[in-house]
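The sequence shown begins at 1 in the UniProt record's numbering and counts up by one. We put the beta carbon where it would ideally sit given N, CA and C, even for glycine. In this text the structure is predicted, and so the values were computed from the model without any measurement. Below is one structure, written out as structure tokens, with a few remarks after it.
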Amino acid sequence: MQSGNLDASDHELIGRIYEAAAIPSLWGGKGVLDLLAQAGECTDAALFAVDSKGLNGWSSNERCVEKMQIYIRDNWVARNPYIESAERRARFDEPRFVLDTEVMPAEEMARHPYYLNFMKPHGVYWHTGTNIISPTGDTLKISVHRSFDSGPLRKEVAMRLTALRPHIARAALLTARLRFEQVRAAVEAFDVIGLPTAAVRRGRLAMANRGFEKLLPRVVQDRHSRLTFSQVAADACWRKILEGPSDRGGTFPIAAIDEHPTMVVHVLPIVGASRDIFNVADMLLVITSAAEDVGVDPRIMEGLFDLTAAEAAIARDLTLGKTINEIADLRGVANGTVRSQVRSIFEKTGTHRQVDLVRLLTGVRTVLALKAGLDHMSGLNDEPGSRKEKK
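Below, the structure written as structure tokens:
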């Protein structure tokens with residue numbers, strides 16, 4: 001094989017890289033990163049996603065998992081000598097795999113605490129790596145490693161990996177696009193059913209539907225640091241959720257003012273986003289309003305509560321705030337007829353007052369709306385392209 005050219009095994013690896021574009025879990029374990037390590041005459045391989053705030057996620061081959069856990073836990077990333085200067089950081093932005101010794105002399109490596117206390121004891125001393133800018137704005141850092149006793153990597157190894165680099169970059173682009181389309185479908189699904197919804201990544205607004213955009217900037221502000229709420233109490237609740245575990249959601253109110261009625265914010269975490277190197281959002285914010293037309297389809301009310309068609313229609317009128325007299329006039333029936341049907345509605349739904357019925361059906365609408373949106377989110381919680389028929 002000539003330096004920098006691809007052989008048959010490399011073409012097979014390229015196929016695996018594009019397969020991982022559709023199923024990102026195939027990067028780790030014994031997947032693509034393991035094959036990249038082998039192609040680089042190494043034993044370990046790691047993939048980081050970082051932005052200006054720090055680490056967003058990582059993956060590694062099976063051999064490197066425990067080492068990576070220690071690396072993250074003990075914050076060795078902050079002691080990495082390759083980020084000590086802008087000049088060194090810039091070297092890995094070159095569109096190729098860069099050898100460690102091109103950036104840091106072997107003599108300096110031999111006496112640096114980073115190498116003495118982590119890289120050498122864990123068998124990941126010599127390495128070559130590259131940076132790839134992801135469409136999400138993250139920098140993807142890919143590197144392959146081997147032990148001190150194995151000796152420095154040859155230049156030809158870096159050239160071979162450089163020949164694979166364009167395919168890795170395209171795979172990252174494809175994965176990010178798939179993730180983006182899945183999140184957009186979920187956000188737009190909520191728009192269809194009239195619920196303002198936004199996708200959020202690390203507290204920042206990633207995308208929003210038209211309903212949510214109407215709340216900007218009176219109710220919500222899209223700031224550089226994070227999404228914020230105008231009301232102090234609501235923003236405090238939101239900040240508390242952001243500071244908690246990423247896989248936990250929550251609900252908090254936005255008090256009514258002259259400009260808008262009482263609203264409730266539902267925070268829906270996207271399962272697995274915290275572990276997804278290519279994620280474009282880690283949660284959805286869905287906002288419901290007490291003043292919304294609850295708009296539950298009468299046919300759904302018939303099925304849920306065993307209402308007659310007439311009772312379901314009257315129940316909808318009640319949730320819209322109409323009085324018995326107004327309903328009677330609208331339907332062209334006597335007040336007594338409507339009262340009788342209202343009593344039947346209360347009995348079947350287990351409510352006793354009009355306000356209780358409104359609350360019940362508002363809850364039904366919210367549940368139905370969330371289910372509709374979550375159906376579109378199912379692709380976010382599963383690997384794209386990985387759905388299989390259950391036997």
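Assigned exposure category for residue i - 16 Cβ within 10 Å defines buried
i	result
aspartate 74	exposed
residue 459	Here the chain comprises residues numbered 1 to 391, so residue 459 is not present and cannot be evaluated.
histidine 266	buried
lysine 141	buried
proline 196	buried
histidine 167	buried
glycine 54	exposed
isoleucine 83	exposed
leucine 227	buried
aspartate 306	exposed
proline 24	buried
histidine 145	buried
leucine 330	exposed
glutamine 182	buried
glutamine 341	buried
lysine 67	buried
alanine 208	buried
alanine 106	exposed
leucine 178	buried
arginine 316	buried
Presumed contact (8 Å Cβ cut-off) between residue i and residue j, rounded CB distance
i	j	result
phenylalanine 278	serine 143	Actually they do not touch by this definition, with Cβ atoms about 18 Å apart.
alanine 206	valine 286	Wrong, their Cβ atoms sit about 14 Å apart, outside the cutoff.
leucine 335	isoleucine 345	At residue 335 the sequence reads asparagine, which differs from the leucine that was named. Asparagine 335 to isoleucine 345, Cβ: 15 Å. No contact.
arginine 218	serine 230	7 Å
alanine 198	phenylalanine 212	5 Å
isoleucine 132	alanine 169	5 Å
leucine 242	leucine 268	That belief does not hold up - the Cβ atoms of leucine 242 and leucine 268 are roughly 14 Å apart, past 8 Å.
Residues bridged to residue i [DSSP beta-bridge criterion]
i	result
glycine 54	Asp51
leucine 268	Leu284
alanine 199	Met207, Leu284
isoleucine 254	Met263
histidine 224	According to DSSP, histidine 224 bridges with nothing at all.
histidine 145	Asp44, His127
threonine 139	Val50, Ile133
phenylalanine 229	Val220
leucine 99	Thr128
glycine 321	The partner list for glycine 321 (beta bridge, DSSP) is empty, contrary to what the question assumes.
residue 393	With the chain covering only 1 through 391, there is no way to say anything about residue 393.
serine 289	Met263
glycine 29	Asn61
Residue i Cβ short of 6 Å to the ligand HEM heavy atom set
i	result
isoleucine 72	The ligand HEM is absent from the structure shown, which contains no ligand whatsoever.
Reference residue i, options the options, closest by Cα
i	options	result
arginine 154	Trp126, Phe180, Thr175	Trp126
methionine 119	Gln38, Asp44, Ile132, Ala176	Asp44
aspartate 7	Ala39, Gly31, Leu26, Ala20	Ala39
glycine 137	Pro81, Phe180, Leu227	Phe180
methionine 263	Ser289, Tyr18, Met104, Phe305	Ser289
serine 60	Phe92, Ala189, Ala37, Ser85	Ala37
leucine 13	Leu174, Gly31, His145, Val103	Gly31
methionine 159	Asp306, Ala49, Thr128	Thr128
threonine 337	Thr351, Gln354, Ile314	Ile314
arginine 79	Cys42, Asp93, Asn117	Asn117
arginine 343	Arg331, Gly332, Thr308	Thr308
alanine 172	Ala22, Thr351, Lys348	Ala22
aspartate 10	Leu161, Ala234, Arg353, Arg339	Leu161
aspartate 149	Val98, Ala176, Ala163, Pro121	Pro121
aspartate 51	Arg201, Ala163, Phe97	Arg201
glutamate 188	Ile254, Val124, Arg210	Arg210
proline 245	Pro261, Ile270, His260	Ile270
threonine 93	Lys348, Glu302, Thr175, Thr139	For clarity, residue 93 is aspartate in the given sequence; the question names threonine instead. Closest by alpha carbon: Thr139.
glutamate 259	Arg339, Thr351, Gly249, Leu216	Leu216
Span separating the alpha-carbon of residue i from that of residue j
i	j	result
alanine 312	threonine 319	11 Å
arginine 63	glycine 29	8 Å
alanine 256	proline 95	53 Å
serine 147	valine 65	16 Å
aspartate 247	proline 113	36 Å
arginine 16	leucine 47	16 Å
aspartate 293	phenylalanine 190	Residue confidence is low: aspartate 293 scores 48 on pLDDT, short of 50, so the model does not pin down where it sits. No coordinate-derived value is stated.
glycine 151	aspartate 34	19 Å
glutamine 221	arginine 204	10 Å
alanine 186	glutamate 108	51 Å
arginine 91	glycine 57	22 Å
tyrosine 18	cysteine 237	41 Å
glutamate 87	valine 98	13 Å
valine 232	valine 355	28 Å
arginine 111	cysteine 42	23 Å
residue 464	proline 261	Summary: the structure shown does not reach residue 464, with the chain confined to residues 1 through 391, and so no result is reported for it.
lysine 214	serine 85	44 Å
glutamate 156	phenylalanine 252	57 Å
arginine 165	tryptophan 27	14 Å
proline 81	glycine 250	40 Å
Chain D within 7 Å of residue i, Cβ atoms only
i	result
glutamate 326	Among the protein chains of the structure shown there is no chain D, as only one such chain exists.
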